[in-house]
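To convert, count from 1 in the sequence shown and add 98; that's our numbering.
Below is one structure, written out as structure tokens; the observations come after it.
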Amino acid sequence: MEIDVDGVPVRISNPLRPMFSDVDCTKRELVEYYVSVGPGILRALRDRPTTLERWPDGVQPGVELTQRTGPAKEAFFQKRIPKGAPDWVPTARISFPSGRFADEVCPDKLAVIAWAANLATITFHPWPVRKADV
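In structure tokens:
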């Protein structure tokens, strides 16, 4: 299924996937929620490098937030933009003291937030600075 977010088509895969089993919330409803709070969340995230806290199997008993070292059924933090991201998703290049770098999602429009929610992002962790300052 696809939704229009301010003129940008955003695909929602598995729209009926349960995201919060205790309250019967689907992935589609999660995406729709983020779109509904668009002005506020965009004010907080706009142009800030953002780590995505992803829960691919939803929040349910037995699923934990990990560093991606355990079994497949886990939630994780994603610093780097996922492979296959649309070219309209902007990034900020973050350099680490080790010399490594990460291209982090840097939302500039509501469609980017809806796209990330489709990836089962439940929490967004923005940097306290804007893209131009990194």
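Note that beta-carbon positions come from the ideal geometry of N, C-alpha and C, so glycine has one too.
Note that the structure is a prediction, hence the values are computed from the model and not measured.
P184 and L143 do not touch by the CB rule: their CB atoms are close to 17 Å apart, not below 8 Å. Between the beta-carbon of V129 and that of A209 there is about 11 Å, and that puts the pair past the 8 Å contact cut.
Per DSSP, the unbroken alpha helix (DSSP H) holding P137 starts and ends at G136 to L143.
When the alpha-carbon of A230 is set against those of W213, Q176 and A190, the nearest one is in A190. Burial check for Q176: the Cβ neighbour count within 10 Å reaches 16 or more, so the residue is buried. Looking at the backbone, the Cα of P116 and that of T219 are separated by about 13 Å. For A200, the uninterrupted beta strand (DSSP E) run begins and ends at F199 to V203, by DSSP. In chain order, P147, F199, A200, E202 and V232 place their CB closer than 7 Å to the CB of I192, counting only its own chain and leaving out the 5 sequence neighbours on each side. Per DSSP, A190 is one residue of the beta strand (DSSP E) stretching across T189 to S193.
Classified as buried, T149 has 16 or more neighbouring CB atoms from the shown chains inside 10 Å of its CB.
DSSP, read as helix, strand or coil, puts A173 in strand.
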